[in-house]
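Colleague: Here it is, the structure in full.
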Amino acid sequence: MKYVEDYRDATIARQIADQIRAEARPDRSYRLMEFCGGHTHAIFRYGVTDLLPPNVRMIHGPGCPVCVLPIGRLDMAIDLAKTHGVTLCTYGDMLRVPGSRKQSLLKARAEGADIRMVASTLDALELARANPEKQVVFFAIGFETTTPPTAVALKQAKAMGLENFSVFCNHVLTPAAISNILEAPEIRAMEAVEIDGFLGPAHVSVVIGAQPYEYFAEEFAKPVVIAGFEPLDVMQSILMLIRQINDGRAEVENQYIRAVTRHGNETAKAMVAEVFELARSFEWRSLGDVPYSAFRIRDAYAEFDAEKRFAMNQGRPMENKACDCPKILRGAAIPTDCKLFGKQCTPQTPLGSCMVSDEGACAAYYKYGRRRAAPQHLEAAE
Amino acid sequence: MCHAVPAQVTAVLPDDMAQVDLSGAKKTVSTALVGPVTLDDFLLVHVGYALGRVDPEEAQATLAALQEIGAAQ
Chain Y
7 MKYVEDYRDA TIARQIADQI RAEARPDRSY RLMEFCGGHT HAIFRYGVTD
57 LLPPNVRMIH GPGCPVCVLP IGRLDMAIDL AKTHGVTLCT YGDMLRVPGS
107 RKQSLLKARA EGADIRMVAS TLDALELARA NPEKQVVFFA IGFETTTPPT
157 AVALKQAKAM GLENFSVFCN HVLTPAAISN ILEAPEIRAM EAVEIDGFLG
207 PAHVSVVIGA QPYEYFAEEF AKPVVIAGFE PLDVMQSILM LIRQINDGRA
257 EVENQYIRAV TRHGNETAKA MVAEVFELAR SFEWRSLGDV PYSAFRIRDA
307 YAEFDAEKRF AMNQGRPMEN KACDCPKILR GAAIPTDCKL FGKQCTPQTP
357 LGSCMVSDEG ACAAYYKYGR RRAAPQHLEA AE
Chain R
1373 MCHAVPAQVT AVLPDDMAQV DLSGAKKTVS TALVGPVTLD DFLLVHVGYA
1423 LGRVDPEEAQ ATLAALQEIG AAQ
């Protein structure tokens, strides 16, 4: 595929790895957080960690929307589907995520609730149009990449006068979460997650641009390199971060110039701004309440807000206490630190959200054979 | 969930829609978020929408930079 295979060349990857080894100073360590689960996946799928010297460590961030959705919000969606007789539509990633008391959307569906997997908000709109007697609710999750498609659906629903369509909004924002990781004193004091630089998200940045990261590059003096999702993109970005750290720079650099501009996709941003506004606070699984880190539906679209249309019930959310997902999402633990990892918790029988989602760090470790060894010390392939 | 894929426009359709070639599969996607597209444009497609475009010149510049790192060895 054009613009994909070109950036997977193994010979060039090894050459960049040699350059990284040549430029990384042996007298210091480089702790680099890849915020985005898409990068975590690329790093393990292509064995990027094995090409890095031991003092260059990748720390996996919370950029997996399925993983950071608080269990209470999932419980609300399950309850809505079970007790209000609605048709609940959502992206496939959400179906198997365990809620409280061993519930999930998939189990609710087996018990008779009308829950549909959709590939696009367009499919959810079409379901509402074709079934005027049903209340169709789109369970919207995701970062800045999936928010614009939800905005388009809400605008279309309004234009079409689709009275049986609504959205349960759980869209969250990347820059707010990165700031939170850097500034939350209790997290830093408790777990001392030291980060020297960030690999910035690829496709989130296609939408929001490079500019929103400038604030914390300056404020926290941490370098950011926006990186594409292919392995050579990741390798080049790591080299760019090492160069910034060596030079004492803390700038926003853009490796993914073929798709990311300084201001991003203005059309998409304008549509999002028309339909959504910042929520004062939103709970993230693992990070807690993060100020201004999520969107809510504007009053002009209130009639399409599922939380206003239905009496939604959060109940009493119950986390699985043995699951280390919260620490893993903050970068304070790696999946193999968790007692459940690879034993009770596998992709077939996931107990935590980081194992369910393809973008979760636990799923990446499991899938690519890092079942017991620490990332630097790879065991023989099974 | 945040992984868009590059796909080439094979037909421009009415109502802000386009047909794209996604690794050989033809798919109809919304272009409402990127504005007017033309035949052969490369779009970044995700959950049924084009979220952005691939700039061919910048793509070439990145490839050249990658090769340069290799050549510097």
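Here the protein sequences come in this chain order: Y and R.
Just so you know, we're using our numbering here: the first sequence kicks off at 7 and counts up by one.
Just so you know, we're using our numbering here: the second sequence kicks off at 1373 and counts up by one.
Positions of the beta carbon are idealized from the N, C-alpha and C atoms, including for glycine.
Here the structure is a predicted model, which is why all the values come from computation and not from measurement.
1. How is histidine 90/Y classed by DSSP in three states: helix, strand or coil?
2. Is DSSP giving methionine 7/Y helix, strand or coil here?
3. Starting from the C-beta of alanine 274/Y, find all residues in its chain whose C-beta is less than 7 Å away, skip the five residues before and the five after it, and write them out in chain order.
4. Rank His209/Y, Val173/Y, Ser243/Y by C-alpha distance to the C-alpha of glutamine 261/Y and give the top, closest one.
5. Answer with yes or no whether the minimum CB distance from glutamine 1439/R to chain Y is below 8 Å.
6. Taking the alpha-carbon of serine 287/Y as reference, which of His177/Y, Phe41/Y, Thr267/Y, Gln350/Y has the nearest alpha-carbon?
7. I'd like to know if the stretch 336-348 of chain Y and the stretch 358-368 of chain Y are in contact, where contact means that at least 3 CB-CB pairs between them fall below 8 Å.
8. Taking all protein chains shown into account, do 16 or more other C-beta atoms lie within 10 angstroms of the C-beta of asparagine 271/Y, making it buried, or fewer, making it exposed?
9. Just to confirm before moving on: does the CB-CB distance between isoleucine 65/Y and methionine 82/Y stay below 8 Å?
10. Just the Cα atoms here: how many angstroms apart are arginine 115/Y and isoleucine 121/Y?
11. Compare the C-beta of leucine 112/Y against all C-beta atoms of chain R and say whether one is closer than 8 Å.
12. Tell me whether proline 68/Y is buried or exposed, calling it buried when 16 or more other Cβ atoms sit within 10 Å of its Cβ.
13. Output needed for phenylalanine 310/Y: all residues of its chain with C-beta closer than 8 Å, excluding positions within five of it in sequence on either side, in chain order.
14. Within its chain, find whatever has a CB closer than 7 Å to the CB of aspartate 1387/R; leave out the 5 residues flanking it on each side and keep chain order.
15. Under 8 Å Cβ-Cβ, which residues of chain R neighbour tyrosine 9/Y?
16. Can you give me the Cβ contacts of methionine 246/Y inside the same chain, cut-off strictly under 7 Å, excluding the 5 residues immediately before and after it?
17. Per DSSP, what kind of secondary structure is phenylalanine 204/Y in: helix, strand or coil?
18. Can you tell me whether tyrosine 52/Y is buried or exposed, with buried defined as 16 or more other CB within 10 angstroms of its CB?
19. Decide if serine 211/Y is buried, meaning its Cβ has at least 16 other Cβ atoms within 10 Å, or exposed.
20. Please list, in chain order, all residues of the same chain as asparagine 168/Y whose beta carbon is under 6 Å from its beta carbon, the five residues on each side excluded.
21. Is the Cβ of cysteine 42/Y closer than 8 Å to any Cβ of chain R?
Modeller: Here's the rundown:
1. The three-state reading of DSSP puts histidine 90/Y in coil, since its state is none of H, G, I, E or B.
2. coil
3. Pro154, Val213
4. Ser243/Y
5. yes
6. His177/Y
7. Because the criterion of three Cβ pairs below 8 Å is met, the stretch 336-348 of chain Y and the stretch 358-368 of chain Y touch.
8. buried
9. Taking the C-beta atoms as reference points, methionine 82/Y is found no nearer than 8 Å to isoleucine 65/Y.
10. Near 6 Å, if we compare the C-alpha coordinates of isoleucine 121/Y and arginine 115/Y.
11. At a cut-off of 8 Å, the C-beta of leucine 112/Y has no neighbouring C-beta in chain R.
12. buried
13. Leu160, Ala163, Lys164, Phe171, Ser172, Val173, Ile303
14. none
15. Pro1378, Phe1414, Val1426, Ala1431
16. Val231, Glu259, Gln261
17. strand
18. With 16 or more Cβ atoms within 10 Å of its Cβ, tyrosine 52/Y is classed as buried.
19. buried
20. Note that residue 168/Y is leucine in the sequence shown, not asparagine. For leucine 168/Y, where only same-chain residues beyond five positions count, the Cβ hits under 6 Å are Ala134.
21. yes
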